[in-house]
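Residue numbers (the numbering used here): 72 to 564.
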């Protein structure tokens with residue numbers, strides 16, 4: 072069935088307290104999507120962000136981001152007061168997240184909530200901790216220890232804790248009992264609010280698409296608690312790390328630094344880590360988008376001591392075997408795969424064999440020197456078309472920087488006009504295509520320029536900050552989107 076949706080991360084929602092949350096504004100955005108005739112809300116990973124603020128580098132691939140816990144809902148539940156929330160600085164710009172201020176103030180405020188939480192734990196708190204104990208125990212211990220060590224990476228901790236010696240870990244549980252409980256409380260509050268929001272969205276006919284990065288951060292509870300699953304040496308330090316080779320855009324390639332999976336070990340244990348991960352993400356979201364899907368076919372391995380990605384080598388991934396095992400254990404998977412970039416025949420075969428829809432990005436379509444797989448007349452219906460992703464500029468930003476011949480081709484192909492608005496014309500191209508699903512970004516819906524770009528790959532300090540204003544998300548705008556959705560058969564009958 073044809074459908075459409077909007078990409079808008081939780082952090083980008085309007086809010087009085089510095090960052091978008093799971094509260095009222097999230098529900099108002101669901102209402103906006105319903106009015107606009109949309110069936111999907113796509114978001115980025117909701118895991119806790121680490122240094123650099125990227126949702127793709129997290130302290131845990133299972134936990135929720137405490138920044139997204141809605142403070143007004145905590146006030147309603149009696150854990151905080153409005154006066155307390157208003158007493159902190161949350162940033163000076165309505166359209167930007169100030170992660171530095173959030174880091175300084177959010178946890179301090181949430182610790183006040185913890186004091187009240189301790190006086191009367193909710194009846195279902197223990198059940199939540201038991202239900203999620205597979206990852207929650209190690210995550211809460213990891214975060215308590217990280218705080219106790221001044222935030223340094225776990226690889227710098229004393230050896231008995233790095234190696235999770237049984238006696239040492241028992242001492243940790245005793246010594247940091249309150250701190251561990253605090254981090255468990257944060258997850259309880261996040262998941263309580265998240266499940267309520269997801270239920271609200273689903274009842275309105277909106278499904279949530281969530282992102283799962285293929286790799287996890289080295290400085291994470293995932294690696295600390297499961298070191299045998301990763302390509303580490305006897306001192307638990309990476310031997311090789313992930314990245315991308317040099318190409319026309321990056322002379323040195325991209326050095327991501329994530330530890331690589333020991334696929335041989337994972338295969339022997341029935342892909343236990345991935346089974347837990349996909350099971351958890353399939354509960355969290357309605358549809359899972361897996362980032363960098365080509366890494367399951369073959370992945371680029373770079374020596375851990377390298378300063379660039381020039382000297383890596385390609386190695387064989389688990390291939391379709393992983394997804395056969397996952398489907399045997401979890402049933403049919405609702406997955407979108409990120410299959411962008413240069414694809415070898417074996418990667419294309421993996422995507423085809425998986426049966427999962429791949430991605431098309433309109434911004435990649437208009438190089439007149441060669442026919443692109445991203446140009447709409449080459450599409451088949453079993454794919455998801457995007458005007459751009461979180462890694463792309465906005466449409467209007469792209470149009471200012473794209474080569475003139477690409478712009479001329481796009482204008483001619485899509486019949487773009489100033490009267491309609493170039494961004495509306497590009498989105499029309501996605502909606503009119505044969506793709507079963509079309510996703511546009513909220514920045515493009517609002518007609519914003521490069522200042523609203525979410526991420527510029529291989530840069531630090533200026534990303535993941537954009538936020539929408541309350542007054543921009545209007546009923547009038549929803550009606551305009553709905554007219555396009557109705558015109559191109561993307562509204563549920």
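Glycine included, C-beta positions come from ideal geometry on N, C-alpha and C.
- Residue 105 and residue 317 have their C-alpha atoms some 43 Å from each other.
- With fewer than 16 neighbouring CB atoms inside 10 Å of its own CB, residue 416 falls in the exposed class.
- For residue 281, the closest of 213, 381, 135 and 231 by C-alpha to C-alpha distance is 135.
- Contact between residue 377 and residue 128 fails: their C-beta atoms lie close to 18 Å from each other, not under 8 Å.
- One thing to note: residue 119 has its Cβ within 8 Å of the Cβ of residue 130.
- DSSP places residue 334 within a helical segment (H, G or I) once states are collapsed to three.
- Taking the Cβ atoms as the reference, residue 253 lies roughly 5 Å from residue 185, within the contact range of under 8 Å.
- Per DSSP, the beta-bridge partners of residue 429 are 454.
- Collapsing the DSSP output to three states places residue 386 in a strand.
- When only Cα atoms are considered, residue 399 and residue 469 end up about 43 Å apart.
- DSSP places residue 360 within a strand segment (E or B) once states are collapsed to three.
- Per DSSP, reduced to three states, the secondary structure at residue 137 is helical.
- Per the DSSP secondary-structure output, residue 315 pairs in a beta bridge with 325.
- In the structure shown, residue 114 falls within a coil segment according to DSSP collapsed to helix, strand and coil.
- Cβ atoms of residue 459 and residue 368 stay farther apart than 8 Å, at about 25 Å.
- CA-to-CA, the gap between residue 307 and residue 236 works out to about 14 Å.
- Taking one beta carbon from each stretch, the stretch 159-179 and the stretch 292-302 have fewer than 3 pairs nearer than 8 Å; the two do not touch.
- DSSP places residue 223 in no alpha helix (DSSP H); its state is neither H nor E.
- By the Cβ criterion, the stretch 261-268 is in contact with the stretch 139-149, since at least three pairs of Cβ atoms, one from each stretch, lie closer than 8 Å.
- Minimum Cα-Cα distance from residue 537 among the listed residues 487, 464 and 391 corresponds to 464.
- With respect to residue 419, residue 450 sits apart: the two C-beta atoms are not nearer than 8 Å.
- Counting C-beta pairs with one atom in each stretch, the stretch 542-558 and the stretch 161-172 have fewer than three that are closer than 8 Å, which means they do not touch.
- Residue 407 sits away from residue 283, with the two beta carbons spaced by 8 Å or more.
- Here DSSP, grouped into helix, strand and coil, assigns residue 295 to helix.
- In the same chain as residue 228, and ignoring 5 residues on each side of it, the C-beta atoms closer than 8 Å to its own belong to 216 and 220, in chain order.
- Counting only runs of at least 4 residues, the stretch 178-259 fully encloses the following alpha helix (DSSP H) elements, listed from N- to C-terminal order: 196-202, 204-219, 230-233 and 237-246.
- Here residue 533 is exposed: its Cβ has fewer than 16 other Cβ atoms, across all protein chains shown, within 10 Å.
- Using a 10 angstroms sphere on the CB of residue 329, the tally of other CB atoms reaches 16 or more, which defines it as buried.
- Counting only unbroken stretches of 3 or more residues, the beta strand (DSSP E) elements lying wholly within the stretch 72-113 are 74-78 and 111-113, in sequence order.
- By the neighbour-count definition (other C-beta atoms within 10 Å, threshold 16), residue 440 is an exposed residue.
- Its Cα nearest to that of residue 494, the residue 467 stands out among 445, 467, 93 and 513.
- Where residue 516 is concerned, there is no enclosing beta strand (DSSP E), although the alpha helix (DSSP H) around it starts and stops at 513-516.
- Comparing C-alpha distances from residue 366 to each of 286, 124 and 113 shows the shortest one belongs to 286.
- Looking from the CA of residue 390, the closest CA among 199, 425 and 490 belongs to 425.
- A buried status is given to residue 315, since no fewer than 16 other beta-carbon atoms sit within 10 Å of its beta-carbon.
- Between residue 79 and residue 513 a beta carbon distance of about 4 Å is seen, short of the 8 Å cut, so the two are scored as contacting.
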